[in-house]
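Colleague:
Numbering (my numbering), first residue to last: 1418 to 1711.
1) With DSSP as the reference, identify every bridge partner of residue 1590, one or two as the case may be.
2) Starting from the Cα of residue 1473, find the closest Cα among 1480, 1444, 1450, 1497 and give me that residue.
3) Would you check if the distance between the CB atom of residue 1621 and the CB atom of residue 1661 is smaller than 8 Å?
4) Going by DSSP, what residue range makes up the alpha helix (DSSP H) through residue 1702?
5) Give me the Cα-Cα distance between residue 1483 and residue 1489, rounded to the nearest whole angstrom.
6) Under three-state DSSP, which class holds residue 1650?
7) I'd like to check one pair, residue 1623 with residue 1575: are the Cβ atoms closer than 8 Å?
8) Three-state secondary structure (DSSP) at residue 1566?
9) Return yes when the Cβ of residue 1520 is within less than 8 Å of the Cβ of residue 1421, no when it is not.
10) For the putative contact between residue 1663 and residue 1604, defined by C-beta atoms under 8 Å, what is the C-beta separation to the nearest angstrom?
11) Within the region 1513–1561, note down every full beta strand (DSSP E) run reaching 3 residues or more, in order along the chain.
12) Determine the burial state of residue 1570: buried for a count of at least 16 other Cβ atoms within 10 Å of its Cβ, exposed for fewer.
13) So for residue 1488, helix, strand or coil by DSSP?
14) To the nearest angstrom, how far is the alpha carbon of residue 1543 from that of residue 1512?
15) Excluding the five sequence neighbours on either side, which residues of its own chain have a C-beta within less than 7 Å of the C-beta of residue 1419, listed in chain order?
16) Within its chain, find whatever has a CB closer than 8 Å to the CB of residue 1442; leave out the 5 residues flanking it on each side and keep chain order.
17) Sort out for me which residues DSSP pairs residue 1420 with in a bridge.
18) Are the region 1526–1533 and the region 1456–1466 touching, with three or more C-beta to C-beta distances below 8 Å?
19) Spatial neighbours of residue 1426 within its chain, please: CB distance less than 7 Å, with the 5 preceding and 5 following residues excluded, ordered by chain position.
20) By Cβ distance below 6 Å, which residues in the same chain neighbour residue 1650 in space, the five residues on each side in sequence not counted?
21) Does the beta-carbon of residue 1456 have 16 or more other beta-carbons within 10 angstroms, so that it is buried, or is it exposed?
22) With respect to the alpha helix (DSSP H) encompassing residue 1602, which residues constitute its N-terminal and C-terminal limits?
23) Of all the options 1438, 1477, 1580, 1700, which has the alpha carbon lying nearest to the alpha carbon of residue 1597?
24) Would the region 1632–1644 count as touching the region 1690–1697 if we require 3 or more Cβ pairs under 8 Å?
25) Return the first residue and the last residue of the alpha helix (DSSP H) that residue 1680 is part of.
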């Protein structure tokens, strides 16, 4: 019986991936690394939830990735999440380490012919780019976009080596366990101070809808693919912002991104949870674990 490795098990996407695979009885090996101190409480709760499952083993990212072996079925690289980009000094501290870990993971996967999934972002595209398809060359205009493009180009160098690699780009993700630095979480918590919006404000996907698609990377047929989690039912970021009582202009869904055939056919992606439902679940989670909220 194989196992799943998640690099960034203590990040938003990585944590949900771990929980989803553990819930189905799959053995999961997680690599973790430090987070910004603003996320300490969130990190402690994640550690508790993962650690109580006998099928989960964890270690800090170090000199080697020894938990990736010939028994591993798939490796997910989720080193950063949206909350990290609100802390530039912390991000700069982690960038070089992340690059080294990415190279190690790619070489391990090539050695054992293991599936490799890089969870990227639609922010690799700049605000001035229009009519974006999966073949469109990114022109990022944000620190998040530039970092992910750099990583994607590193990965692309391995695409002809004959083992399965998939890059999955997502819009902004939200839901339970969203980083406490991100806008929805801050507003649900009742923060009144102004803060810069560092995340993508085009569209949103509820975290479990994204994870349902990412899990299928374990069984889908691909060699090297770039997939956008984009379909016709995506809701604008402003819809969730208004539900959390942010004063932002309600924007109509832009016809900016081409609907992804590969997301549907390869990963069966569908955005099932509405902004209203998703924000309700995020509020419920935050009130359960992170009281007192204002």
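Built from N, CA and C at the ideal position, the CB exists for glycine as well. All values derive from a computational prediction rather than experimental measurement.
Modeller: Let me lay it out:
1) Answer is 1622, bridged to residue 1590.
2) Ranking the options by Cα distance to residue 1473, first place goes to 1444.
3) Their beta carbons are not under 8 Å apart, which means residue 1621 does not touch residue 1661 by this criterion.
4) For residue 1702, the enclosing alpha helix (DSSP H) has its first and last residue at 1692–1706.
5) Looking at the two C-alpha atoms, the distance is approximately 11 Å.
6) Residue 1650 falls in the coil class under three-state DSSP.
7) When the beta-carbon positions are compared, residue 1575 and residue 1623 stay at least 8 Å from each other.
8) If DSSP states are grouped into helix, strand and coil, residue 1566 belongs with the helices.
9) No, these two residues do not count as a Cβ contact at 8 Å.
10) That belief holds up - the Cβ atoms of residue 1663 and residue 1604 are roughly 5 Å apart, short of 8 Å.
11) Fully enclosed beta strand (DSSP E) runs of 3 or longer: 1532–1538.
12) In the assembly as shown, residue 1570 is an exposed residue. Its beta-carbon has fewer than 16 other beta-carbons within 10 Å.
13) Coil.
14) Residue 1543 and residue 1512 have their C-alpha atoms roughly 21 Å apart.
15) Same-chain partners within the cutoff: 1488, 1489, 1490.
16) Cβ within range, chain order: 1472.
17) Looking at the DSSP assignment, residue 1420 forms a beta bridge with 1444, 1489.
18) No, they do not touch.
19) Contacts found: 1432, 1435, 1447, 1448, 1449, 1467, 1475.
20) Here the set comprises 1688.
21) Buried, because 16 or more other Cβ atoms sit within 10 Å of the Cβ of residue 1456.
22) Residue range 1600–1605 is occupied by the alpha helix (DSSP H) that includes residue 1602.
23) Out of 1438, 1477, 1580, 1700, the CA that lies nearest to the CA of residue 1597 is found in 1700.
24) Counting Cβ pairs under 8 Å, fewer than three are found: no touch.
25) First-last of the alpha helix (DSSP H) with residue 1680: 1678–1684.
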